[in-house]
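Data first, discussion second: the structure below is written as structure tokens.
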Amino acid sequence: MKRLRRGALRDQSDSAFSAILARLCDDSGALAAALVDAEGETVDYAGLLTPYEIKVAAAEWRLVLAVVHEAKVPGFRHVGELTVRSGRRTFFMAAMPDGYAIALCLPRRSFLVSPRALTQAKRELAHEAGLILPAGRSQATWARVQVRFPGGPQPQRRPDAVWLNGAWSPIVILGRYQDRDLSRSERGYLAQLASGAEVFLVREPLGAWFVDNAAALSA
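The sequence shown begins at 81 in this note's numbering and counts up one residue at a time.
Spelled out as structure tokens, the structure:
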């Protein structure tokens, strides 16, 4: 058995799926994450909980999501996300194509999951599994990036570089990014990459930075 970098003892080999799920845990603050199929079987997982805890929770909440989809209530068949807060933990399910779903176990009183981190995880998991995301979702290309801040005696709030291809690549901040999707605790900028491409950079409450155009990072 192998120990994942987040501390949980694994009962299966690491994979591209577990790496994606581990990043989702880091970016969302989740205790654990799993990719589960339509039958409730866990494809892979990551996180701080034991494999047994993760797999049982993923199977149970995949069943709940199936019940919701089968309910004869207008709109329930197309529910894409489900959040349940309990006394000890919060559970989150996100539907994927072909009956797959992402299951997250979050700390107590959590409610919101980073939509940017979730978008990136869905895109990467779908790519690895050979799934085709609906057109509307596949167009969203938020991606996590590392940023650097200028040195000096005064703390700087605006980054001056992003980590690309194993090195720091300078960026120019063109202005603030204002959008109704930004919460009060988030900060956004319009930035120009060294390639000349313009992107939006957003810092989320947990400190993760995201760029809105993943393709621009490899241009």
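Heads up, the beta-carbon is just placed ideally off N, CA and C, and yes, glycines get one too.
Model, not experiment: these values are computed from the prediction.
- Of all alpha-carbon atoms in R237, G276, L211 and A181, the one lying nearest the alpha-carbon of L198 is that of A181.
- Beta-carbon to beta-carbon, L89 and A112 are separated by about 13 Å, too far to satisfy the 8 Å threshold.
- Excluding the 5 residues flanking it on each side, G109 has same chain C-beta neighbours closer than 6 Å at L286, in chain order.
- The beta carbon of R267 is closer than 6 Å to those of R283 in its chain, skipping five residues each way along the sequence.
- Using a Cβ distance threshold of 8 Å, A241 and R228 count as a contacting pair.
- Under a 10 Å Cβ-count criterion, P214 is classified as exposed, with fewer than 16 other Cβ atoms of the shown protein chains found around its own Cβ.
- With respect to the 8 Å criterion, A114 and A99 are not classified as neighbours on the basis of their beta carbons.
- G120 and L104 do not touch by the CB rule: their CB atoms are close to 20 Å apart, not below 8 Å.
- When the beta-carbon positions are compared, A288 and S249 stay at least 8 Å from each other.
- L192 has its alpha-carbon roughly 14 Å from the corresponding atom of A183.
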